[in-house]
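Just below is one structure, and these are the notes that go with it.
Number of protein chains: 2
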Amino acid sequence: MARNSTKERIFEEAAILFRDKGYLASTMRELAAKVDLQVSSLYSYIGGKEEILHKICFDNARRFLTGLKNIEAQPLSPSEKVQKLISEQIHIATSDVTSVTIFNDEWRHLSEPYLAEFLQMRKDYERRFIKIIQEGIDAGEFVEIDATVAVFTLLTSLRWLHRWYPARKGISIKSLEREILKVIFHGLKAR
Amino acid sequence: MARNSTKERIFEEAAILFRDKGYLASTMRELAAKVDLQVSSLYSYIGGKEEILHKICFDNARRFLTGLKNIEAQPLSPSEKVQKLISEQIHIATSDVTSVTIFNDEWRHLSEPYLAEFLQMRKDYERRFIKIIQEGIDAGEFVEIDATVAVFTLLTSLRWLHRWYPARKGISIKSLEREILKVIFHGLKAR
DNA sequence: GTCTATACGATGATAGAC
DNA sequence: GTCTATCATCGTATAGAC
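Line order of the protein sequences matches chains A and B. Just so we're aligned: the first sequence equals residues 23 to 213 in the numbering used here. Just so we're aligned: the second sequence equals residues 23 to 213 in the numbering used here.
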């Protein structure tokens with residue numbers, strides 16, 4: 023009994039291809055070669071190229087939104103919520119690089135109406151993240167800052183973590199998380 | 023006398039196209055339509071599609087490296103240097119969105135040997151930025167952090183500034199800069 | 001489910017007349 | 001420098017035999 027079905031292998035190889043070359047530059051011919059099939063045979067398993075992109079983007083969007091929902095529901099302070107959100111982002115980005123890369127970089131090649139739906143989920147996540155930061159500011163836990171600027175500043179560095187963290191070879195996920203939290207919570211400047 | 027030559031108009035329209043749809047999804051036919059020429063006429067002005075991408079990527083790489091070099095040469099503290107670097111990134115990213123978007127998002131479609139050359143310039147910039155942070159740590163101006171993690175955390179949020187700052191409508195560049203500096207230097211947490 | 005064969009449109013680029 | 005015409009190639013996807 024094989025560990026992975028042909029369909030699973032197609033999705034996995036496609037993800038690697040999309041990650042390395044981008045969605046548009048990846049061809050069905052290459053994908054077929056990777057899984058040792060003729061191009062036409064791929065279509066016995068999937069409806070088309072975009073179906074793969076769609077699955078990756080929406081699986082990840084749902085994953086992040088579910089994580090956020092769980093954190094929102096817990097009786098935590100804004101600080102603790104932000105810490106958990108950052109921790110979650112780091113763990114997902116480092117453990118599932120391929121998938122997160124595509125989620126972050128290739129969603130724009132979704133066709134309508136999926137693109138609009140995706141953007142709405144993304145915006146929803148950002149809006150709810152901003153709300154948590156604003157609650158922290160109002161509660162006096164965070165400094166008086168523009169919550170939107172703060173969220174995008176930190177969210178952006180997390181979203182593209184997958185691109186740069188291989189540059190810091192040898193660091194453990196635990197240390198990576200500690201260092202990032204240090205920068206985000208306390209900033210660069212010594213007291 | 024026209025303000026822009028045909029060649030300049032081709033580069034400008036191509037940049038907008040690349041920014042909006044990505045390099046691969048942009049076609050020479052679309053570009054020709056934008057500048058009111060037949061496709062074949064474009065080739066009287068440029069050698070090919072990649073020449074445009076090449077120019078945008080390398081012009082920007084040089085611009086950022088030149089800015090860094092100037093700052094390095096000044097008799098400033100690491101803190102002041104970092105502040106100037108951040109300020110410069112913000113000004114370029116907000117004043118020349120189109121160009122910076124392509125520089126950040128589309129360089130990977132450069133073919134060799136240009137790709138390798140580009141990556142080397144990029145790495146050089148990062149390495150020198152890390153060095154400044156490390157000097158700040160050694161001088162006691164910055165907290166004891168992993169300089170690489172710190173640089174990528176902040177550099178990433180600056181590099182993709184062009185993607186999110188329209189989400190914070192109405193904010194002035196001055197305020198944007200102040201808020202970002204606040205987050206990066208002092209962090210989220212209230213004292 | 002896998003194959004061979006192929007449809008069919010889009011692509012970057014060129015040839016050569018004017 | 002601009003055009004019309006065209007090329008070779010590659011893209012996703014389908015038809016239909018086995």
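Cβ coordinates follow ideal geometry from the N, Cα and C atoms, glycine included.
Beta-carbon of residue i versus every beta-carbon of chain A: anything under 8 angstroms?
i: GLU201(B); result: yes
i: LEU8(B); result: In this structure chain B extends from 23 to 213, so residue 8(B) is not present and cannot be described.
i: ARG51(B); result: no
i: LYS204(B); result: yes
i: ILE112(B); result: no
i: ALA189(B); result: yes
i: LEU198(B); result: yes
i: GLU163(B); result: yes
i: ILE195(B); result: no
i: SER179(B); result: yes
Over what stretch of residues does the alpha helix (DSSP H) that includes residue i continue unbroken?
i: PHE207(B); result: 195-208
i: LYS71(B); result: 71-95
i: ASN26(A); result: Looking at the DSSP string, ASN26(A) is not in any alpha helix (DSSP H), and its letter there is neither H nor E.
i: ASP160(B); result: 136-160
i: ASP127(A); result: 119-127
i: SER179(B); result: 169-181
Tell me which residues share the same chain as residue i and place their Cβ nearer than 6 angstroms to its Cβ, disregarding the 5 neighbours each side in the sequence.
i: ARG51(B); result: VAL61
i: ASN126(A); result: ARG181
i: GLY89(B); result: GLU110
i: ALA115(B); result: VAL122, LEU183 and HIS184
Assign residue i to one of three DSSP states: helix, strand, or coil.
i: LYS191(A); result: coil
i: THR49(B); result: coil
i: ASP42(A); result: helix
i: GLN60(A); result: coil
i: ILE68(A); result: coil
i: LEU107(B); result: helix
i: HIS99(A); result: Note on residue identity: the sequence assigns Ser, not His, to residue 99(A). Here SER99(A) sits in coil by DSSP.
Compare the C-beta of residue i against all C-beta atoms of chain B and say whether one is closer than 8 angstroms.
i: GLU73(A); result: no
i: TRP12(A); result: Residue coverage of chain A in this structure runs from 23 to 213, which leaves residue 12(A) outside it and unanswerable.
i: GLY69(A); result: no
i: PHE174(A); result: yes
i: LYS211(A); result: yes
i: THR116(A); result: no
i: THR170(A); result: yes
i: HIS76(A); result: no
i: PHE33(A); result: no
i: PHE207(A); result: yes
i: ILE167(A); result: yes
Excluding five sequence neighbours on each side, which residues of the same chain lie with their C-beta closer than 7 angstroms to the C-beta of residue i?
i: ALA172(B); result: ILE155
i: VAL119(A); result: HIS184
i: PHE86(B); result: TYR147
i: GLU128(B); result: PHE40, GLY44, TYR45 and LEU75
i: ILE170(B); result: A quick correction: the sequence has Thr, not Ile, at residue 170(B). The residues are ILE152.
i: ILE206(A); result: ILE108 and LEU176
Which residue or residues does DSSP assign as beta-bridge partners of residue i?
i: LYS211(A); result: PHE164(B)
Give every residue of the same chain whose Cβ lies closer than 8 angstroms to the Cβ of residue i, excluding the five residues on either side of it in the sequence, and list them in chain order.
i: VAL165(A); result: ILE159
i: GLU201(A); result: ILE193
i: ALA22(A); result: Any question about residue 22(A) goes unanswered here, given that chain A covers just 23 to 213.
i: SER99(B); result: GLY158, ALA161 and GLU163
i: LEU107(A); result: GLY89, LEU90, ILE93, PHE151 and ILE154
i: GLN142(A); result: none
i: ARG31(B); result: VAL57
i: LEU132(B); result: GLU72, LEU75, HIS76, CYS79 and PHE140
i: GLU34(B); result: ASN26
When you measure from the CB of residue i to every non-hydrogen atom of the ligand ZN, does any distance come out below 7 angstroms?
i: ARG190(B); result: Looking for the ligand ZN in the displayed structure turns up nothing, as the structure carries no ligands at all.
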